[in-house]
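Per my numbering, the sequence shown starts with residue 1, numbered consecutively.
Written out below as structure tokens is the structure these notes cover.
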Amino acid sequence: MAEIVIIGAGVGGLPMAYDMKKEMRNEDSITVISNNSYFQFTPSNPWAAVGWRNREDITIDLEPVLTKQGIKFICDGAKRLHPDDNKIELESGREVSYDYLIIATGPELAFDEIEGLGPHGGFTQSVCSIDHAMVAGEKWEEFCKNPGPIVVGAVQGASCYGPAYEHAMIMDTDLRKRKIRDKVQMTFVTAEPYVGHLGLGGVGDTNGMLEREMRHRHIKWICNAKTDKVEDGKMYVTELTDTGEEKAKHELDFGFSMMLPAFRGIPALMGIDGLVNPRGFVTVDQHQRNAKYQNIFSVGVCIAIAPLEATPVPVGVPKTGYMIESMVAATAGNIGELLRGMEPSHHPTWNAFCLADFGDKGVAFMAEPQNPPRNRNWASEGKWVHWAKIGFEKYFMRKIRKGQSEPFFEKTVMKTLSLTRLKNK
1 MAEIVIIGAG
11 VGGLPMAYDM
21 KKEMRNEDSI
31 TVISNNSYFQ
41 FTPSNPWAAV
51 GWRNREDITI
61 DLEPVLTKQG
71 IKFICDGAKR
81 LHPDDNKIEL
91 ESGREVSYDY
101 LIIATGPELA
111 FDEIEGLGPH
121 GGFTQSVCSI
131 DHAMVAGEKW
141 EEFCKNPGPI
151 VVGAVQGASC
161 YGPAYEHAMI
171 MDTDLRKRKI
181 RDKVQMTFVT
191 AEPYVGHLGL
201 GGVGDTNGML
211 EREMRHRHIK
221 WICNAKTDKV
231 EDGKMYVTEL
241 TDTGEEKAKH
251 ELDFGFSMML
261 PAFRGIPALM
271 GIDGLVNPRG
281 FVTVDQHQRN
291 AKYQNIFSVG
301 VCIAIAPLEA
311 TPVPVGVPKT
321 GYMIESMVAA
331 TAGNIGELLR
341 GMEPSHHPTW
351 NAFCLADFGD
361 KGVAFMAEPQ
371 NPPRNRNWAS
381 EGKWVHWAKI
391 GFEKYFMRKI
401 RKGQSEPFFE
411 KTVMKTLSLT
421 RLKNK
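This is how it looks when you write it as structure tokens:
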């Protein structure tokens, strides 16, 4: 009998539990540990931040769905991992032992690295969690009663740029619906070397598409931007040249701001030699397995991936849902093989796919593999992307509630390509 433990119950952790349930033997058991009692569909947070979704729309209580699947659930935070002893120390003081561990925690949000950043004692909002999105939604309603300038984007070291673009466009759409867009100046501030870089060196013509969209929506932008500090209603930004020299200093006034932070590994893993890099992200091989601790695997945003290229301002690498899905499938297959005395043989594809909603239209892109040179380098735009993302949200949530494990993102990719072919006929 093997005790299989998964830390985290998000877009990576919960599908991991469902996939692992299919791969394990009858005598094995699975335990999911999460500091949240609910699953949250993170891709919908930009909608929640303008009041288009509420908490109940995009969260699911974990215990009922996991219990129904015969999966044990512990609602507790991980305080410290002790990999030499195969134990996890929890915030409550409880210890959980494991034979195989899958780390799917997601990141810690590094708001503290920039003075005044973030919703916890800072002056900017976030869409990184449903709690943050709900607070942002409250601040948004206050802002719309007395509109002014907006600053939105992602700071240095951030590695997930899609939600920043989404939130900027969704705010624009919502302001136009409220007929107050003419009262708001909006500036997009990003560490990326150019609009649409996305931490991926661009995908298809994301540069042209996103620049064109921002011009159409009267959104100004500053790239190669280092956010120095934030005060109440004011952001201080240093813009660099392509060679890394100081180009300009900006003092940006705002009545509302949403800035995505940099990520790092969670404190429970930080500093464990051989498990994580200096930033706290888990290092894995081609099987999603840690080299030093051979019974530890990791999936999702918490794994270490080197940046694609050197940029004037540090830019991280995104881990999209399609990419995470491939990590999950490979990990489940590999642990299943180990349980049966075989060597792991499954490799994740690490392809990237994204539906970026703009509130009334959107951009879809696919990179196979994620880093260039690529076999497929494609992007498309239109109103169909908006409806595709709504459909995907409902599809994903329904399958999670039913405890069904299947390639959510792969099916969406195939459907998206079909929609594109129909649109182009």
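Ideal Cβ positions, reconstructed from N, Cα and C, are used throughout, including at glycine.
Residue i: which of the options sits nearest, CA to CA?
{"i": "Phe254", "options": "Met270, Glu231 and Gly271", "result": "Glu231"}
{"i": "Ala168", "options": "Ala49, Gly336 and Asp28", "result": "Ala49"}
{"i": "Gly316", "options": "Ile305, Met323, Met16 and Leu338", "result": "Ile305"}
{"i": "Pro372", "options": "Ser37, Trp350, Gly106 and Cys302", "result": "Trp350"}
{"i": "Leu81", "options": "Asp112, Thr105, Thr67 and Ile71", "result": "Thr105"}
{"i": "Ala330", "options": "His120, Gln288, Ala356 and Asp242", "result": "Gln288"}
{"i": "Ile102", "options": "Lys183, Cys354 and Leu14", "result": "Leu14"}
{"i": "Thr241", "options": "Met259, Thr311 and Glu113", "result": "Thr311"}
{"i": "His250", "options": "Met259, Gly122 and Glu239", "result": "Glu239"}
{"i": "Glu309", "options": "Val5, Glu192, Asp112 and Arg94", "result": "Glu192"}
Between the C-alpha atoms of residue i and residue j, what's the straight-line distance to the nearest angstrom?
{"i": "His132", "j": "Ile296", "result": "31 Å"}
{"i": "Glu343", "j": "Val284", "result": "16 Å"}
{"i": "Gly271", "j": "Ala9", "result": "23 Å"}
{"i": "Thr42", "j": "Leu109", "result": "14 Å"}
{"i": "Leu422", "j": "Trp384", "result": "Caution is warranted here: a pLDDT of 48 is assigned to Leu422, below 50, making its placement in the model unreliable, and no coordinate value can be reported."}
{"i": "Lys425", "j": "Asp172", "result": "For Lys425, the pLDDT reaches just 46, beneath the cut-off of 50, and the residue's location in the model is therefore unreliable, although a value from the coordinates is still provided. Rounded to whole angstroms, Lys425 to Asp172 spans 31 Å at the Cα level."}
{"i": "Lys394", "j": "Asp273", "result": "41 Å"}
{"i": "Lys87", "j": "His347", "result": "27 Å"}
{"i": "Ile390", "j": "Gly51", "result": "15 Å"}
{"i": "Ile266", "j": "Ile303", "result": "11 Å"}
{"i": "Val151", "j": "Leu90", "result": "38 Å"}
{"i": "Val237", "j": "Gly148", "result": "19 Å"}
{"i": "Phe365", "j": "Tyr100", "result": "35 Å"}
{"i": "Ile400", "j": "Leu210", "result": "32 Å"}
{"i": "Val11", "j": "Phe256", "result": "29 Å"}
{"i": "Leu275", "j": "Gly157", "result": "21 Å"}
{"i": "Val32", "j": "Lys72", "result": "6 Å"}
{"i": "Val301", "j": "Gly321", "result": "10 Å"}
{"i": "Leu339", "j": "Met327", "result": "18 Å"}
{"i": "Asp19", "j": "Asn224", "result": "40 Å"}
{"i": "Cys75", "j": "Lys247", "result": "49 Å"}
{"i": "Arg217", "j": "Thr59", "result": "31 Å"}
{"i": "Asp360", "j": "Ser345", "result": "43 Å"}
{"i": "Met16", "j": "Asn146", "result": "45 Å"}
{"i": "Asn36", "j": "Ile324", "result": "20 Å"}
{"i": "Gln40", "j": "Asp57", "result": "9 Å"}
{"i": "Gln370", "j": "Gln286", "result": "15 Å"}
Which partner residues does residue i have in the DSSP bridge list?
{"i": "Gln125", "result": "Met258"}
{"i": "Gly362", "result": "Asp357 and Gly382"}
{"i": "Asp253", "result": "Lys234"}
{"i": "Arg289", "result": "Phe297"}
{"i": "Tyr18", "result": "Tyr18 is not bridged to any residue."}
{"i": "Val152", "result": "Phe188 and Met258"}
{"i": "Tyr38", "result": "Asp61"}
{"i": "Arg264", "result": "Glu108"}
{"i": "Ile7", "result": "Ile33 and Ile103"}
{"i": "Asp303", "result": "In the sequence on display, residue 303 carries Ile and not Asp. DSSP output for Ile303 lists Val282 as bridge partner(s)."}
{"i": "Glu368", "result": "Arg376"}
{"i": "Glu166", "result": "Bridge partners of Glu166: none, in fact."}
{"i": "Leu240", "result": "Glu246"}
{"i": "Ala330", "result": "DSSP lists no partner for Ala330."}
Requested in this report: Kindly confirm or deny that the segment 271-279 and the segment 174-188 touch, where touching means at least three C-beta pairs closer than 8 Å.
Outcome: Counting Cβ pairs under 8 Å, fewer than three are found: no touch.
Query raised in the report: Could you give the uninterrupted runs of the beta strand (DSSP E) lying entirely in the segment 45-96, keeping only those of 3 residues or more?
Result: 59-61, 72-75, 78-82 and 87-90, all fully within the segment 45-96.
Query raised in the report: So, do the segment 197-208 and the segment 147-162 have three or more beta carbon pairs nearer to each other than 8 Å?
Result: Flag = yes, the segment 197-208 and the segment 147-162 touch.
Query - Start-end ranges of the beta strand (DSSP E) lying completely within the segment 207-231, minimum 3 residues - result: The segment 207-231 is shown to contain whole beta strand (DSSP E) runs of 3 or more residues at 219-222 and 225-231, in chain order.
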